[in-house]
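*Asks:* One structure coming up, written as structure tokens, with questions to follow.
2 protein chains.
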Amino acid sequence: MAQPAAEARLDLQRLRKVCSSCSLAELCLPMGLNRQDLQRLDSIVQPTGPLHAGAHLYRVDTPFHALYAVRSGCLKTYIVDDTGREQVLGFHLPGELVGLDAIYPDRHQCNAMALDTVTVCALQYTDIAALTLQVPSLQKQMFRLMSKDIASSHALAGDFTAEERLAAFLMSLSRRLQLRGYSAAEFILAMTRRDIANYLRLATETVSRVFAKFQEDGLIEVERRDVHILDLERLGALCRSVPKI
Amino acid sequence: MAQPAAEARLDLQRLRKVCSSCSLAELCLPMGLNRQDLQRLDSIVQPTGPLHAGAHLYRVDTPFHALYAVRSGCLKTYIVDDTGREQVLGFHLPGELVGLDAIYPDRHQCNAMALDTVTVCALQYTDIAALTLQVPSLQKQMFRLMSKDIASSHALAGDFTAEERLAAFLMSLSRRLQLRGYSAAEFILAMTRRDIANYLRLATETVSRVFAKFQEDGLIEVERRDVHILDLERLGALCRSVPKI
DNA sequence: CGCTATTTTGAGCCGCGTCAATACGGGTGG
DNA sequence: CCACCCGTATTGACGCGGCTCAAAATAGCG
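Protein sequence lines, in the order shown, are assigned to chains A and B. Those letters in the first sequence? Residues 1 to 245, per my numbering, in order. Those letters in the second sequence? Residues 246 to 490, per my numbering, in order.
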């Protein structure tokens, strides 16, 4: 088989660097992509300049144009109801895709806000939709990604206790960070207690208290945003059967 | 433009009859489908014989082969955790698609059980995936359907009161039944109080009590499974801002 | 070094879960 | 047609987990 042309290899290297830890990697990278596909993909993936903490990537009800893959930092997605109450829908780490819920009504269904300094890749939806028609493995990957989002939405469904919820939250963060090459045992929370509590449907005070209890029990060491997991085993056992987030 | 051949029209009539109220209708039906596409679609949509109440359409961890569109009756999807506790994930009315969460790991992520007599259309996934590559409008519809599922999973996210939850549940049923040509104001629940309670993360007794309260307040008339909504307006107001299910 | 947002800690209370008993209804067999 | 049974639903009494309210401690920031 012929070696790819130098030009194509350059594209590939650039993409590999950008996408290596991305959830789209399986299809962005070599798999079944010829030089022409690579170039088209190249034009679709648009790295976007840093958002500072508090800045919005998109807001609810704005027209939908692109999906966004987080490259660095942490996003939170949330909605605000008529009565002004906020509901955090999720936290999104590098390699995770946001905006999928906007495809259906062609309008964003939630707000996406940077919790720290965030860079993303914008993926123009019309381009993605066109390319998936030509690259079966890309379509397959898109279906899988969306399917995963549907399945993971079941995570916090049950009526779990505050301890189960927080344990599941920490385990989820740990696992996802590890998948992306970070430490599974120590990390810095990008989100406030208030955001965690809101996401887990608890009161801020409850989250604070459960953090304290976990520390008393020797499960973790926690100092504000700084978390060290001391006993991954027991913490995992606490999740009972909260589905993986 | 030439009239379609008699043969194609027959297929179309059959499909229209089967799929007219189905969520896939937008793409199963005429839109951009030529005679060949129609025939291929014809081979994919496999109406499947009636399941009686209590029978399972699929079970968790079984290999994934097909998506299922409900044709008649009502399905519930649920998971059972390690401790044997059940969590109802959703109720699925005619025209709704189940099994999308199984695409990612190629294995069913929940159980699907008939609550009454249920008929479905089985859609072989490999066939669907192949056809979507050839029929852009079909791919678009698949993406939209999956997107809708992702968005709707936010419905019960917030920390709502028992009344808000039950009101939202009734409004959702009402709206979805109406979309399918049934009455928005009176219907018969296919599910037990226990299933409703479990789905809404409440106790059975609480659901019973809130039903009673809604009746006292003149919002509904309820007699076991028989529900009449008397004041759709006020019931809707009770949902506050529970996202549409 | 003050200002403010965040986090922690304490005290009291309430909505909903739990436990228990009763009522209802549909199916089955006599 | 009635008697019986069992799953479902209702209703009441009580207790608790987590929310609310309040206040202090800590950190980040201009």
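For each residue, glycine too, the CB sits at the ideal point set by N, CA and C. The model shown is predicted, which means the values in this text are computed figures rather than measured ones.
For glutamate 468 (chain B), count neighbouring C-beta atoms within 10 Å of its own C-beta (all shown protein chains included) and say buried if the count is 16 or more, exposed if not.
*Replies:* Walking along the second sequence from the start, residue 468 (chain B) turns up at place 223. Its Cβ having fewer than 16 others within 10 Å, glutamate 468 (chain B) is exposed.
*Asks:* What does lysine 140 (chain A) touch in chain B if you count any residue whose Cβ is under 8 Å from its own?
*Replies:* In the first sequence, the residue the question calls residue 140 (chain A) occupies position 140. Going along chain B in sequence order, the residues near lysine 140 (chain A) (Cβ under 8 Å) are Ala374.
*Asks:* Assign arginine 410 (chain B) to buried or exposed, taking buried as 16 or more other Cβ atoms, counted over all protein chains shown, within 10 Å of its Cβ.
*Replies:* Taking the first residue of the second sequence as position 1, residue 410 (chain B) is located at position 165. Arginine 410 (chain B) should be labelled buried.
*Asks:* Pick from B:Leu368, B:Gly344, B:Gly329, B:Thr377: whose alpha carbon is nearest that of lysine 321 (chain B)?
*Replies:* The sequence position of residue 321 (chain B) within the second sequence is 76, counting from 1. The residue with the shortest Cα to Cα distance from lysine 321 (chain B) is B:Gly344.
*Asks:* Would you identify the three-state DSSP class for threonine 377 (chain B), choosing helix, strand or coil?
*Replies:* If you number the second sequence from 1, residue 377 (chain B) lands on position 132. Three-state result, threonine 377 (chain B): helix.
*Asks:* Could you tell me which residues DSSP puts in a beta bridge with aspartate 226 (chain A)?
*Replies:* Position 226 of the first sequence, counting from 1, holds the residue named residue 226 (chain A). Beta-bridge pairing links aspartate 226 (chain A) to A:Ile188, A:Glu223.
*Asks:* Helix, strand or coil, according to DSSP, for arginine 234 (chain A) in the structure here?
*Replies:* Position 234 of the first sequence holds residue 234 (chain A). In this structure, arginine 234 (chain A) counts as helix in the three-state DSSP scheme.
*Asks:* Grab me the residues of leucine 477 (chain B)'s own chain with a C-beta within less than 6 Å of its C-beta, minus the 5 sequence neighbours each way, in chain order.
*Replies:* Stepping through the second sequence from its first residue, residue 477 (chain B) is reached at position 232. Once the five neighbours on either side are set aside, leucine 477 (chain B) has no close Cβ partner at all.
*Asks:* What does the alpha-carbon distance come out to for the pair alanine 194 (chain B) and arginine 175 (chain A)?
*Replies:* Absent from the model: residue 194 (chain B). The displayed extent of chain B is 246 to 490, so no value can be given.
*Asks:* Check the C-beta distance from valine 365 (chain B) over to tyrosine 313 (chain B) and give it rounded, since I have them as a contact under 8 Å.
*Replies:* One-based indexing of the second sequence puts residue 365 (chain B) at position 120. One-based indexing of the second sequence puts residue 313 (chain B) at position 68. Rounded, the Cβ-Cβ distance is 4 Å, consistent with contact.
*Asks:* Suppose the cutoff is 6 Å on Cβ atoms and the five residues either side in sequence are ignored; what does the same chain contact list for phenylalanine 456 (chain B) look like?
*Replies:* Residue numbering aside, residue 456 (chain B) sits at position 211 when the second sequence is read from its first letter. Val467.
*Asks:* Report the partner residues of glycine 90 (chain A) according to the DSSP bridge assignment.
*Replies:* On the first sequence, position 90 is the one that residue 90 (chain A) refers to. Answer is A:Thr77.
*Asks:* Using DSSP bridges, identify the partner residues of methionine 146 (chain A).
*Replies:* Translated into positions along the first sequence, residue 146 (chain A) becomes position 146. None; methionine 146 (chain A) has no bridge partner.
*Asks:* What does proline 308 (chain B) pair with, by DSSP beta-bridge criteria?
*Replies:* The residue labelled residue 308 (chain B) in the question sits at position 63 within the second sequence. B:Arg352.
*Asks:* Exposed or buried, alanine 311 (chain B), counting other C-beta atoms within 10 Å across all chains shown (16 or more means buried)?
*Replies:* Counting from 1 along the second sequence, the entry for residue 311 (chain B) is found at position 66. So alanine 311 (chain B) ends up on the buried side.
*Asks:* Tell me, please, whether the CB atom of arginine 421 (chain B) is closer than 8 Å to any CB atom in chain A?
*Replies:* Here residue 421 (chain B) is taken as the residue at index 176 of the second sequence, counted from 1. Judged by the 8 Å Cβ criterion, arginine 421 (chain B) is not in contact with chain A.
*Asks:* Spell out whether any CB of chain A is found under 8 Å from the CB atom of isoleucine 441 (chain B).
*Replies:* The residue labelled residue 441 (chain B) in the question sits at position 196 within the second sequence. With 8 Å as the cut-off, isoleucine 441 (chain B) does not count as an interface residue toward chain A.
*Asks:* Going by DSSP, name the residue or residues bridged to proline 292 (chain B).
*Replies:* For the purposes of this step, residue 292 (chain B) is identified with residue 47 of the second sequence, where counting begins at 1. For proline 292 (chain B), which the question treats as bridged, DSSP gives the partners B:Cys366.
*Asks:* Return the CA-CA distance between glycine 95 (chain A) and lysine 148 (chain A), expressed in angstroms with no decimal places.
*Replies:* In the first sequence, residue 95 (chain A) corresponds to position 95, counting from 1. In the first sequence, residue 148 (chain A) corresponds to position 148, counting from 1. Roughly 14 Å between the two C-alpha positions.
*Asks:* Applying the 10 Å Cβ sphere with the 16-neighbour rule, what's the burial state of alanine 396 (chain B)?
*Replies:* By one-based count along the second sequence, residue 396 (chain B) stands at place 151. So alanine 396 (chain B) ends up on the buried side.
*Asks:* Starting from the C-beta of valine 70 (chain A), find all residues in its chain whose C-beta is less than 6 Å away, skip the five residues before and the five after it, and write them out in chain order.
*Replies:* As a first step, residue 70 (chain A) must be located in the first sequence, where it is residue number 70. Answer for valine 70 (chain A): His92, Pro94, Glu96, Val120, listed in chain order.
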